[in-house]
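Those sequence lines, one after another, are chains A, B and C.
Note that our numbering has the first sequence beginning at 1, numbered continuously upward.
Note that our numbering has the second sequence beginning at 1, numbered continuously upward.
Note that our numbering has the third sequence beginning at 1, numbered continuously upward.
Beta carbons: idealized from backbone N, C-alpha and C, even for Gly.
The structure appears right after this line, and notes come after that.
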Amino acid sequence: MNENRSSRQSFLGNHSELLFQSVKVAVVGLGGGGSHIIQQLAHIGFDKYVIYDPQKVEETNLNRMVGATSYDVGVYKSTVMKRVIRNLRENPSIRIYNSNWQANPETLREADIIIGCLDSFSERRDLEATARRYLIPYLDIGMDVFPSISGQPPRMVGQIILSLPGKACMQCLGYLNETSLAKEAAQYGAAGYHPQVVWANGILASTAVGIGIQLLTGWTGSTKPIIYLSYDGNLNTLNPHPRLKFVDQECTHYPFQNIGDPTYRSI
Amino acid sequence: MNLNIHIKIPRTIYNTAKSDLSRNHPYALERVGFLFGKVGKINSVSKLILINDYFPIDDTDYIEDDQVGAKINSEAIHKVMQKILDTNSGALHTHLHNFPGVPSLSKVDKQSIPPLVRSFQHIVPSQIHGIFLFHSNHHKSWIIPPGANNIKLANKITVVGYPLSINIYE
Amino acid sequence: MEWPEDQIEELKDFVGEVQIAEEGGKVYFLIPILQLPEQCKPNAVRALLCPTPRDGYKYRLFFAQIIEKPQGRLNWNSKNQRILEENWFAFSWRINRNNLRLSQIVADHLRGLR
């Protein structure tokens with residue numbers, strides 16, 4: 001291992017290099033957000049990955065999938081990510097699943113942290129439920145571009161949420177709710193054009209990685225575990241979501257009594 | 001079978017337990033408590049123990065004995081066993097050695113605690129029972145694998161909070 | 001979350017064994033063996049009842065697998081939905097009435113499989 005590689009990040013703590021090498025990160029979704037995240041984790045020094053994505057690279061991904069080249073069209077996204085990691089880490093451990101995480105959920109439970117870069121509210125809900133059940137912090141990022149209305153420009157938005165077991169979940173934060181889930185379900189099958197751009201993904205991914213590093217190292221000394229950042233791509237701002245003022249610290253949707261492998265009670 | 005055990009404990013519960021165990025007792029030198037948790041299966045050789053509760057022992061359930069740090073009575077054990085049964089949980093006997101250093105079980109700990117923990121296996125054999133030892137600046141855990149008699153070191157302990165605290169034990 | 005005892009008993013009378021669990025603030029009733037209408041394949045299946053609004057439906061009945069029904073086709077718009085660490089499937093079946101009893105919800109969904 002090149003001794004100088006980590007010297008510029010030594011402020012993260014004496015044992016940070018060893019910590020990054022031993023922590024297992026699961027990244028679910030390897031598109032615009034996930035590819036940025038993996039590249040950054042590899043640069044920082046993470047060695048253990050569990051990655052999920054059923055898709056292959058398409059031409060339309062090349063505007064934003066970091067690490068993918070024109071030659072990668074038709075190649076599994078996971079293959080591209082494996083290459084990105086291997087080009088930066090000498091001996092990484094990379095568990096690859098060319099599937100949705102639901103098809104291979106057990107390995108996910110080994111993760112110390114899950115980073116979700118998913119396209120839908122329902123997928124986020126399901127992933128968060130599993131993360132909560134197995135006491136795994138879950139970092140979620142996402143962006144969207146809403147079409148122009150009445151001559152106004154399109155609106156670019158995004159979010160970064162840290163869902164920490166015991167603390168406010170995405171339902172507590174109001175990000176996941178029956179209205180948004182119902183609306184999404186009603187549009188099922190009409191997925192259509194889903195705008196994504198590299199710079200917005202980059203901002204969200206980089207910030208998420210920074211939050212993840214804080215979570216692992218505590219280098220800032222911050223003790224504020226509830227993180228919900230709202231991105232405005234038109235104004236180029238990233239701010240704590242206004243809803244945070246009204247959120248309870250403790251989660252009511254995922255009590256600790258329900259953690260572990262599910263058990264049904266006879267009635 | 002070489003079982004790989006990773007214990008995860010929420011920071012709130014960790015702090016509650018440690019705080020309770022740090023309190024002085026009228027006559028016992030140490031306090032005892034029990035961490036309760038549920039198994040999360042990863043595969044046939046790797047399991048999580050997910051701690052979801054801390055059960056303190058009432059002051060009146062200690063037996064005065066100056067030969068040992070702490071001794072609890074049968075009433076206390078009965079309460080713990082009932083809770084194991086009622087919640088279908090695993091239980092980790094826990095106490096605090098209030099000095100820094102690498103945690104290790106004392107001779108008395110090694111003699112007295114494993115038989116108690118083995119008795120928990122009869123109540124809920126599907127869950128994992130064991131010992132969780134706090135030191136002032138560290139912690140360690142040993143478990144008795146289901147169906148086994150031997151006591152083994154838990155491979156990893158994560159305190160889940162902000163920040164995360166991860167300790168790996170060889 | 002408590003559910004009326006009489007509805008639970010009625011459901012048990014209708015489908016046999018029933019178990020309960022919670023996740024994400026919702027209650028789910030597991031029916032380990034739900035007998036399906038004639039000529040369905042399989043003819044019995046593990047099922048999970050969600051009696052509260054979910055994904056735009058007032059009620060949802062999930063199955064451990066996609067069911068083949070004797071005539072016609074259903075829109076299985078929920079596939080590999082992960083709930084309580086299992087993957088579930090559900091067909092689109094919109095029930096607009098409010099305050100249905102547990103057994104009525106199941107019975108209504110079973111109509112969709114005829």
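Among the options, which has the Cα closest to the Cα of residue i?
i: residue 9 of chain A; options: A:32, A:45, A:37; result: A:45
i: residue 97 of chain C; options: C:70, C:53, C:89, C:62; result: C:53
i: residue 87 of chain B; options: B:123, B:72, B:74, B:63; result: B:123
i: residue 94 of chain B; options: B:154, B:134, B:15, B:67; result: B:134
i: residue 183 of chain A; options: A:31, A:121, A:263, A:94; result: A:121
i: residue 106 of chain C; options: C:55, C:79, C:39, C:33; result: C:33
i: residue 104 of chain B; options: B:51, B:163, B:139, B:129; result: B:139
i: residue 176 of chain B; options: B:100, B:113, B:73; result: Absent from the model: residue 176 of chain B. The displayed extent of chain B is 1 to 170, so no value can be given.
i: residue 55 of chain B; options: B:47, B:37, B:127; result: B:37
i: residue 3 of chain B; options: B:73, B:151, B:70; result: B:151
i: residue 35 of chain B; options: B:63, B:71, B:164, B:49; result: B:49
i: residue 85 of chain B; options: B:100, B:73, B:127; result: B:127
i: residue 20 of chain C; options: C:95, C:40, C:50; result: C:50
i: residue 118 of chain A; options: A:218, A:29, A:229; result: A:29
i: residue 60 of chain C; options: C:48, C:71, C:70, C:69; result: C:48
i: residue 89 of chain B; options: B:170, B:130, B:11; result: B:130
i: residue 196 of chain A; options: A:220, A:154, A:47; result: A:154
i: residue 85 of chain C; options: B:20, B:142, B:40, B:24; result: B:40
i: residue 13 of chain A; options: A:261, A:256, A:220; result: A:220
Apart from the five residues just before and just after residue i, which ones in its own chain have a Cβ nearer than 8 Å to its Cβ?
i: residue 7 of chain C; result: 101, 102, 103
i: residue 259 of chain A; result: 132, 133, 134, 135, 165
i: residue 167 of chain A; result: 225, 226, 249, 250, 251
i: residue 14 of chain C; result: 103, 106, 107
i: residue 125 of chain B; result: 146, 147
Using a Cβ-Cβ distance cut-off of 7 Å, determine whether residue i contacts chain A.
i: residue 103 of chain B; result: no
i: residue 31 of chain C; result: no
i: residue 21 of chain C; result: yes
i: residue 8 of chain C; result: yes
i: residue 60 of chain C; result: no
i: residue 82 of chain C; result: yes
i: residue 4 of chain C; result: no
i: residue 87 of chain C; result: yes
i: residue 53 of chain C; result: yes
Looking at the C-beta of residue i, does it have a partner C-beta in chain B at a distance below 7 Å?
i: residue 259 of chain A; result: yes
i: residue 109 of chain A; result: yes
i: residue 11 of chain A; result: no
i: residue 121 of chain A; result: no
i: residue 256 of chain A; result: yes
i: residue 92 of chain A; result: no
i: residue 228 of chain A; result: no
i: residue 41 of chain A; result: no
Using C-beta distances below 7 Å, list every residue in its chain close to residue i, excluding the 5 sequence neighbours before and after it, in chain order.
i: residue 191 of chain A; result: At residue 191 of chain A the pLDDT is 49, less than 50, meaning the model places this residue with poor confidence; the figure from the coordinates comes in the next sentence. Once the five neighbours on either side are set aside, residue 191 of chain A has no close Cβ partner at all.
i: residue 62 of chain A; result: 68, 70
i: residue 230 of chain A; result: 159, 239, 241
Within 7 Å of any Cβ in chain C, is that where the Cβ of residue i sits?
i: residue 264 of chain A; result: yes
i: residue 51 of chain A; result: no
i: residue 182 of chain A; result: yes
i: residue 1 of chain A; result: Note that residue 1 of chain A scores 48 on pLDDT, short of 50, meaning its location in the model is unreliable and no value can be drawn from it.
i: residue 267 of chain A; result: yes
i: residue 140 of chain A; result: no
i: residue 232 of chain A; result: no
i: residue 208 of chain A; result: no
i: residue 131 of chain A; result: no
Apart from the five residues on each side of it in sequence, which residues of its chain come closer than 6 Å, Cβ to Cβ, to residue i?
i: residue 66 of chain C; result: 76, 89
i: residue 171 of chain A; result: 253
i: residue 87 of chain C; result: 80
i: residue 115 of chain A; result: 27, 37, 139
Comparing the C-beta of residue i with each C-beta of chain F, is any distance below 7 Å?
i: residue 178 of chain A; result: Reference to chain F is not applicable here, since the protein chains of this structure are A, B and C.
Checklist entry - So, do the region 22-34 of chain B and the region 54-66 of chain B have three or more beta carbon pairs nearer to each other than 8 Å? => result yes
Item to check | Completely contained alpha helix (DSSP H) runs for the region 134-212 of chain A, where each covers 4 or more residues | outcome: 178-186
Checklist entry - Are the region 33-40 of chain A and the region 6-24 of chain A in contact at 8 Å, needing three or more beta carbon pairs? => result no
Checklist entry - Is it true that the region 192-202 of chain A meets the region 19-34 of chain A, where meeting means three or more beta-carbon pairs spaced less than 8 Å apart? => result yes
Item to check | Unbroken stretches of the alpha helix (DSSP H), 4 residues or longer, contained in the region 55-118 of chain B | outcome: 74-87
Checklist entry - So does the region 61-81 of chain B actually touch the region 156-165 of chain A, counting three or more Cβ pairs closer than 8 Å? => result no
Checklist entry - Quick one: any contact between the region 77-86 of chain A and the region 50-61 of chain A, if contact means 3 or more CB pairs under 8 Å? => result yes
Item to check | At least three beta-carbon pairs within less than 8 Å, the region 82-95 of chain A to the region 138-145 of chain A | outcome: no
Next on the checklist: Taking contact to mean 3 or more Cβ pairs, one atom from each stretch, closer than 8 Å, check whether the region 234-245 of chain A and the region 95-103 of chain A are in contact.
Outcome noted: no
Checklist entry - What residue ranges within the region 25-67 of chain C form continuous beta strand (DSSP E) runs of no fewer than 3 residues, ordered along the chain? => result 26-35, 44-50, 60-63
Next on the checklist: Going residue by residue through the region 116-152 of chain B, where are the continuous beta strand (DSSP E) segments of at least 3 residues, counting only ones entirely within it?
Outcome noted: 129-135, 138-144
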